[in-house]
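Enquirer: So that we are looking at the same thing, I have put the structure below in structure tokens.
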Amino acid sequence: MAVEILLWCIGALLAIVSAAVVGARRATTTILVYTIALTLSTIALGTAAWVLVMDAGPAQTLELPIGLPWLGAHFRLDPLAAAFLVVVNLGGAAASLYGLGYGRHEPEPGRVLPFFPAFLAGMNLVVLADDAFTFLLTWEFMSLTSWALVMAHHRQPGNARAGYVYLLMASLGTLLLLLSFGLLAGPAGGYAFDAIRNSQHSTTVASAVLALTLLGAGSKAGLVPLHVWLPLAHPAAPSQVSALMSGVMTKVAVYGFVRIVFDLMGPPAWWSGGVVLLFGGASAFLGVLHALMEHDLKRLLAYHTVENIGIIFIGLGLGLAFAANDMRGPAALATTAALFHVFNHSVFKSLLFLGSGAVLTATGERDMERLGGLIHRMPYTAFAFLIGSAAISALPPFNGFVSEWLTFQAILLSPQLPQWVLKFLVPAVGGLLALSAALAAACFVKAFGITFLGRARTSVAHDARETDAFSLTAMFVLVVLCLVAGVLPGYFIDALAPVVQGLVSAQMPRQAGVAWLTIVPIAESRSSYNGLLLFVLIAVAASLAAYVIHRWASHSIRRSAPWDCGFPDATPVTQYTAGSFAQPIRRVFGTTVFRAREEIDMPRPGDARPAQLHVSLHDRVWDALYAPVVSVVGVTADVLNRVQFLTIRGYLTLVSGALVALLVILAIWQ
Amino acid sequence: MAIVLDILVQLGQLLLVLLLAPLLTGYVRKIKAHLLRRQGPDLIQPYRDLHKLLRKEVVLAGNASWVFRTAPYLIFATTWVAAALVPTFATGLAFSPAADLIAIVALLGSARFMLALAGLDVGTSFGGIGSSREMMIASLAEPALLMIAFTVSLLAGSTQLSSVATYMQGPAVGLRVSLALALVGLVMVAIAENARIPVDNPATHLELTMVHEAMILEYSGRHLAVIEAAASLKLLLYLSIIGCVFAPWGVAVAGQGFAAYAASLPVYVIKLAASGFLLAVFETVIAKMRVFRVSEFLGAALMLALLAALLLFVSRGV
Amino acid sequence: MDRFALDVAHLFAGGLVLVSFMLLYQDRMFSLLNIFALHAFVVSVSVAWQAHIQNAPHLYITAAIALVVKAIVIPVVLHRIIVRLGIHRNIETVVGIGKTMLGGIGLVALSIMVMLPITAAGGTLVREDLAFALSVILLGLLMMVSRRNAVGQVIGFMSIENGLILAATGAKGMPLVVEISVAFSILVALIVIGIFLFRIRERFDSVDIHALDRFRGERP
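Chains as they are written, first to last, in this note's numbering: chain A, 1 to 670; chain B, 1 to 318; chain C, 1 to 220.
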């Protein structure tokens, strides 16, 4: 029943694609498309949430006679799919609501409107797919529609290159997943997921599948070193699409990884957790450092997605390591932490991208160094962005803190792991995680402070206006979710319990019954957290202090010029910029990680031009991994290019040579 | 009835930390002055300063936003709540299951987040200096603190400070290398987080040497009073954590009755006095480091904490 | 053996690792000498404690040698020579203090990884003491490798020797410990003298005493 509802919603989404193509010029089409997308996403969200929370029955399946004739198209709705459908449709609903307001400013709606509902449909279909063919087909469909959306503003500098790199990396990812499914299906060719689940795999096959899936799904999710397309492509798309790509599509990639590695592959090897941990830790650290060096607001958020995907994979790696050692309780804790972070990240990353979209609409600028003082012009957007920043920096009482806390609790259980490599790897990754959390807070102080606080650095920032009501509503819905997930996390943990039960055959203790709405992940004596009580205490303490002071001490205010140590400073150019804010951290970490170099270009005495500071950063991953590949491809292409210019005799020689070679091989084989 | 009594005791601790914090600050200042052969200000001078500031008018920059005006109260509230959740004279108080050591570290992170934003709000370069240096210091100090929390939790089998204090009082703990490393690391982080020499000078107003002072440069009147109170509370909080983890003797357990509390309260005050004295001596003996040496200092703290955690992961005997 | 006694020995070993890290952290000459004196002091106290619990009086001599020669005489002599010859007082590192300490952690992890499986037959604390001793040796090597200054390298060498003494006294009943300590101390003294002879020759182009006599300064 639920599967049918979802498939009808997806079908309706695909139907309005044609309506969008036909009527793209008209203003009403924008409103129509986004409203219908919003309604359908909300229906799908409700259905998936109902299945996740209420329905304890077996997974519902459906088979459609489309696709390959001997296979058909299988769809399945089990708790894992339901959880990820909640994430996908929540993001879709928020983006559609936002699009109702934002879409009016779109200069070329014909390039965006047809692909938006198709993108939503594609993501939903990937999560529902129950055989390899449907999965890969819908995965490619998702990639292509998002590529079309990335290329929507293809005339802007850099967007064409972003689309090209994205297409390359997406194709690479699909190829790796194809190989992975091929290995899983085995020589019998059983592509349905049920068949794969029931078959046995040797350890070499399992290792190969893990590596291929980690690289394939990880490239779509944004794991280092396959993350290079993410900071190019995510900012290039329109803002609601950026929110969907960063907040939701990366989670669909995580779903792919979880489905293959936890569900289809069977029992994991002990070292698989270690490999995933290593990639996760590296992504977390490098992602946040790159984000700190950026001053383009959307690129900063995109790099930050890399960090949070790293955190999710750290949780998944711990879950794999525990499951391989048959420690079911800790495995449940680690996996719940990772899945909760999936939900949290989609909420606050969408919120932040929608906020940056609002800033982009209001000022036309993405560069933080040309903004400033926007809190006075756009107070509601600023408030929403502040809550999103606090949530992503893992500050209590918001939701980011709860999932990081659960991950830390899982790390604290890992001394019980027997393997030596893991005993050294886990504390190192724990240190990296702690370091990334602290650097994330620094990054968002920079992002919020330089963009919204201070004084306006340019006239566009000075004259910005608040965005429309639809955008604000979408953002505030996400703000409320951030707070609710932070103060009432027990309900979310209980909702995830059937998912984790299916993945690691254990679940966390039931949280709904604990006194005072505290969450107790392992045991009462060991650790507990009460977000609601902390929130209430902080609110009461702050209000009490404010009330007492205003009532019995003074409450007068006088506005004046800033003190600034007695040096009044008229121009806003002397404020701290994004680069200067990040400079101490760049000096501490950047010299090793990025080969960061500062060069000062001082004019000679008598020359009146200003001095300039050049900061050069090198992405070591690009230099080490991609630049050689690109140059090899270039060299090979140059060599092969000569085949284009042969004479007719040359082509005849090639053809006859190939025929002779094949005959020789045939002769030897005999 | 028992629950009401528990909550009253917890509220009592809330009030106690608030009242003791300025006294601690005044005491440290007095000791430093005596070590420099000066008389120094009165012990209760911080109370007088707070009283004076509370009654003064706030002079606000023209472009200060609501973030600037609400940040002091939020900083104060988060620091106060964190200080109330650390065991001082008794463990296991009513609200202590709400937050464990990791949550306390994160609460202090929230306070620091708001303070850094307040520094950037008015748009002067001093605020920017303070905020950027503070976030650099935090990016090393907070992970060090988390790794120390890991070390202590791995030994005690719990992240709750009450359980940790109880474990440390017991005979099972022994002399551990990891604890020694964690203590050294915690002292280094406490000095950095409380803006003490050698990391930052709490008494200076020179741009080259200030981190904390630069962020609050634009604050005046009651806002400044609230922020100063929050800074004193933070010092009290760190000394209480060091006391309850590494010198847990004499701490009562919640529910033992008022006689036990009456006995443990003077012990707590003595612990604060001793650690305040050591802090004052340390600040007088050492000179302030330049800013990028601070990153090496905190990097060393992070390495020690990582080593302590690593030793515990690898072998249970260490 | 008494649990408390083993714990104290273990604490000294861990303390020596801590002081080795402190050595890596220093960037000024005199503080380096002071920390090295502390390093030698911790070694001598540790050896004295081992002498007490193993009931091996000859180890007291080793402790006394470590205390007198390495904690007092060598730092004082080096201090005076540095002042006299006006040697540059800053110690530059090859890669930066943060990265050096990160390398130090890696070396400690490596020594644990090597030592603990090998000595599986022994008691827990003795195994970890040996792992710590190996760490001190490796950290001393790291110090020699990562300092651009001759004094830093000499201090690194001497801390390697302290680690060897810790390892030797930790394992009960190792023979010739005293003799080896004396031999090493003489070796170290010769190395220190050699370095400064080299310096003197570099600066004054000669080590001939009569020639150096001219540079002794104004006579009253």
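Backbone N, C-alpha and C define an ideal beta-carbon position, used for all residues, glycine too.
1. When you compare each of B:GLY174, B:LEU306, B:SER125, B:PRO266 to GLN575 of chain A by their alpha carbons, which one comes out closest?
2. Is the region 464-478 of chain A touching the region 352-359 of chain A, taking contact as three or more C-beta pairs under 8 angstroms?
3. Using 8 angstroms as the threshold, is the region 313-329 of chain A in touch with the region 403-418 of chain A, meaning 3 or more CB pairs across them?
4. At a Cβ cut of 8 angstroms, what residues of the region 412-424 of chain A count as close to chain C, listed as they run along the chain?
5. Can you give the beta carbon distance from LEU432 of chain A to ILE392 of chain A, rounded, assuming they're within the 8 angstroms contact cut?
6. Could you tell me the distance, in whole angstroms, from the CA atom of ALA254 of chain B to the CA atom of LEU78 of chain C?
7. Run through the DSSP bridge pairs and tell me what ILE557 of chain A is partnered with.
8. Thinking C-beta only, is ALA103 of chain B closer than 8 angstroms to LEU233 of chain B?
9. Give the straight-line distance between the Cα atoms of VAL83 of chain C and MET29 of chain C, rounded to the nearest whole angstrom.
10. In this structure, does DSSP put VAL178 of chain C in helix, strand or coil?
11. Any C-beta of chain C sitting closer than 8 angstroms to the C-beta of SER315 of chain B?
12. For VAL127 of chain A, which residues of its own chain have a beta-carbon under 7 angstroms away from its beta-carbon, when the five flanking residues on both sides are left out?
13. Is the separation between the beta-carbon of GLN519 of chain A and that of ILE493 of chain A shorter than 8 angstroms?
14. Quick one: give me the first and last residue of the alpha helix (DSSP H) that SER616 of chain A is part of.
15. Tell me GLU680 of chain A's beta-bridge partners as DSSP assigns them.
16. Rounded to the nearest angstrom, what separates VAL145 of chain C and LEU24 of chain C at their Cα positions?
17. Going by alpha carbons, who is nearest to THR47 of chain A out of A:ALA2, A:ILE16, A:GLY23, A:THR28?
18. When you compare each of C:ALA51, C:GLY103, C:GLY123, C:ILE74 to SER159 of chain C by their alpha carbons, which one comes out closest?
19. Could you tell me which residues DSSP pairs with LEU62 of chain A in its beta bridges?
20. Which residues does DSSP pair with ASN90 of chain C in a beta bridge?
21. What is the rounded straight-line gap between the Cα of VAL318 of chain B and the Cα of ALA438 of chain A?
22. If you drop the 5 nearest sequence neighbours on each side, which residues of the same chain put their C-beta closer than 8 angstroms to that of GLN13 of chain B?
23. Measuring alpha carbon to alpha carbon, tell me which residue in C:VAL108, C:ILE81, C:ALA71, C:PRO57 is nearest PHE196 of chain C.
24. CB VAL500 of chain A to CB ARG328 of chain A, shorter than 8 angstroms?
25. Mark ASN129 of chain C as exposed unless 16 or more other C-beta atoms lie within 10 angstroms of its C-beta, in which case mark it buried.
26. Determine whether the Cβ of GLY315 of chain A lies closer than 8 angstroms to any Cβ atom of chain F.
27. Of all the alpha helix (DSSP H) runs that stay within the bounds of the region 99-135 of chain A, which reach a length of 4 or more residues?
28. Go ahead and pull the three-state DSSP assignment for THR458 of chain A.
29. Is ASN198 of chain A buried or exposed, if buried means 16 or more other CB atoms sit within 10 Å of its CB?
30. Give me the subset of the region 108-133 of chain C whose CB atoms are less than 9 angstroms from a CB atom of chain A, sorted by chain position.
31. Going residue by residue through the region 135-221 of chain B, where are the continuous alpha helix (DSSP H) segments of at least 4 residues, counting only ones entirely within it?
32. Going straight from the alpha carbon of LEU278 of chain A to that of ALA305 of chain B, what length do you get?
33. Count the C-beta pairs between the region 291-302 of chain A and the region 229-248 of chain A that are closer than 8 angstroms, then say yes if the count reaches three, no if not.
34. How many angstroms separate the CA atom of PHE258 of chain B from the CA atom of SER264 of chain B?
35. Are the CB atoms of MET115 of chain C and MET303 of chain B within a distance shorter than 8 angstroms?
36. Compute the distance between the beta-carbons of ALA394 of chain A and ALA144 of chain B, then report whether it is under 8 angstroms.
Expert: Looking at the coordinates:
1. Sequence index remark: in the first sequence, residue 575 of chain A carries index 575 (1-based). Of the listed residues, the one whose Cα sits closest to GLN575 of chain A is B:SER125.
2. Result yes; three or more Cβ-Cβ pairs closer than 8 angstroms.
3. The count of Cβ pairs closer than 8 angstroms, one atom from the region 313-329 of chain A and one from the region 403-418 of chain A, reaches three, so the stretches are in contact.
4. So the close ones are TRP420, PHE424.
5. In the first sequence, the residue the question calls residue 432 of chain A occupies position 432. In the first sequence, the residue the question calls residue 392 of chain A occupies position 392. About 18 angstroms separates the two Cβ atoms, so there is no contact after all.
6. Along the second sequence, one-based indexing puts residue 254 of chain B at 254. Along the third sequence, one-based indexing puts residue 78 of chain C at 78. Between the alpha carbons of ALA254 of chain B and LEU78 of chain C lies a gap of roughly 57 angstroms.
7. Looking up residue 557 of chain A in the first sequence gives position 557. ILE557 of chain A pairs with B:VAL58.
8. On the second sequence, residue 233 of chain B is found 233 positions in, with the first residue counted as 1. On the second sequence, residue 103 of chain B is found 103 positions in, with the first residue counted as 1. At the C-beta level, LEU233 of chain B and ALA103 of chain B stay beyond 8 angstroms of one another.
9. The residue given as residue 83 of chain C occupies position 83 in the third sequence. The residue given as residue 29 of chain C occupies position 29 in the third sequence. Using only the alpha carbons, I get a separation of about 10 angstroms.
10. Counting from 1 along the third sequence, the entry for residue 178 of chain C is found at position 178. In the structure shown, VAL178 of chain C sits in a helix (DSSP, three-state: H, G or I).
11. Here residue 315 of chain B is taken as the residue at index 315 of the second sequence, counted from 1. At least one chain C Cβ lies under 8 angstroms of SER315 of chain B.
12. If you number the first sequence from 1, residue 127 of chain A lands on position 127. These residues qualify, in order along the chain: ALA81, PHE84, LEU85, VAL88, VAL252, TYR255.
13. On the first sequence, position 519 is the one that residue 519 of chain A refers to. On the first sequence, position 493 is the one that residue 493 of chain A refers to. This sequence places Ile at residue 519 of chain A; Gln is not what is there. Yes. Within cutoff.
14. To locate residue 616 of chain A, count along the first sequence from 1; it is residue 616. Bounds of any alpha helix (DSSP H) do not take in SER616 of chain A; it lies within the beta strand (DSSP E) bounded by 612-616.
15. Nothing in the structure corresponds to residue 680 of chain A, since chain A is present only between 1 and 670.
16. As a first step, residue 145 of chain C is located in the third sequence; it is residue number 145 there, counting from the start. As a first step, residue 24 of chain C is located in the third sequence; it is residue number 24 there, counting from the start. Distance between the alpha carbons of VAL145 of chain C and LEU24 of chain C is about 11 angstroms.
17. The residue given as residue 47 of chain A occupies position 47 in the first sequence. Ranked by how close their Cα comes to the Cα of THR47 of chain A, the residues A:ALA2, A:ILE16, A:GLY23, A:THR28 have A:ALA2 in first place.
18. Counted from its first residue, the third sequence places residue 159 of chain C at position 159. Taking SER159 of chain C as reference, the option from C:ALA51, C:GLY103, C:GLY123, C:ILE74 with the minimal CA-CA separation is C:ILE74.
19. Numbered from its first residue, the first sequence carries residue 62 of chain A at position 62. Beta-bridge pairing links LEU62 of chain A to A:PHE75.
20. Here residue 90 of chain C corresponds to residue number 90 of the third sequence, with the count starting at 1. DSSP, once it has assigned bridges, lists C:ARG28 as partnering ASN90 of chain C.
21. Position 318 of the second sequence, counted from the start, is the residue given in the question as residue 318 of chain B. Position 438 of the first sequence, counted from the start, is the residue given in the question as residue 438 of chain A. With a pLDDT of only 46 at VAL318 of chain B, under the threshold of 50, the placement of this residue in the model should not be trusted; the figure read from the coordinates follows. VAL318 of chain B and ALA438 of chain A: Cα-Cα distance of roughly 28 angstroms.
22. Here the question's residue 13 of chain B lines up with position 13 in the second sequence. ALA84, THR88, PHE89, ALA90, LEU93, listed in sequence order.
23. Sequence index remark: in the third sequence, residue 196 of chain C carries index 196 (1-based). Minimum Cα distance to PHE196 of chain C is reached at C:ILE81.
24. As a position in the first sequence, residue 500 of chain A is number 500, starting the count at 1. As a position in the first sequence, residue 328 of chain A is number 328, starting the count at 1. Taking 8 angstroms as the Cβ cut-off, VAL500 of chain A and ARG328 of chain A do not qualify as a contacting pair.
25. Along the third sequence, read from residue 1 onward, the residue named residue 129 of chain C stands at position 129. Residue identity check: residue 129 of chain C is Asp in the sequence provided, not Asn. With a threshold of 16 other beta carbon atoms within 10 Å, ASP129 of chain C meets it and is buried.
26. Among the protein chains in the structure shown, which are A, B and C, there is no chain F.
27. Within the region 99-135 of chain A, the complete alpha helix (DSSP H) runs of at least 4 residues are 115-128.
28. For the purposes of this step, residue 458 of chain A is identified with residue 458 of the first sequence, where counting begins at 1. In the structure shown, THR458 of chain A sits in coil (DSSP, three-state: anything other than H, G, I, E or B).
29. The count along the first sequence starts at 1 and reaches residue 198 of chain A at position 198. So ASN198 of chain A counts as exposed.
30. Cβ proximity to chain A below 9 angstroms picks out ALA109, ILE112, MET113, LEU116, PRO117 from the region 108-133 of chain C.
31. 161-169, 177-193, 212-215, all fully within the region 135-221 of chain B.
32. The residue given as residue 278 of chain A occupies position 278 in the first sequence. The residue given as residue 305 of chain B occupies position 305 in the second sequence. For LEU278 of chain A and ALA305 of chain B, the distance between alpha carbons rounds to 20 angstroms.
33. Counting C-beta pairs with one atom in each stretch, the region 291-302 of chain A and the region 229-248 of chain A have three or more that are closer than 8 angstroms, which means they touch.
34. Taking the first residue of the second sequence as 1, we reach residue 258 of chain B at position 258. Taking the first residue of the second sequence as 1, we reach residue 264 of chain B at position 264. For PHE258 of chain B and SER264 of chain B, the distance between alpha carbons rounds to 10 angstroms.
35. As a position in the second sequence, residue 303 of chain B is number 303, starting the count at 1. As a position in the third sequence, residue 115 of chain C is number 115, starting the count at 1. By the CB criterion at 8 angstroms, MET303 of chain B and MET115 of chain C fall outside the cutoff.
36. Looking up residue 394 of chain A in the first sequence gives position 394. Looking up residue 144 of chain B in the second sequence gives position 144. Taking 8 angstroms as the cut-off, the Cβ atoms of ALA394 of chain A and ALA144 of chain B do not count as close.
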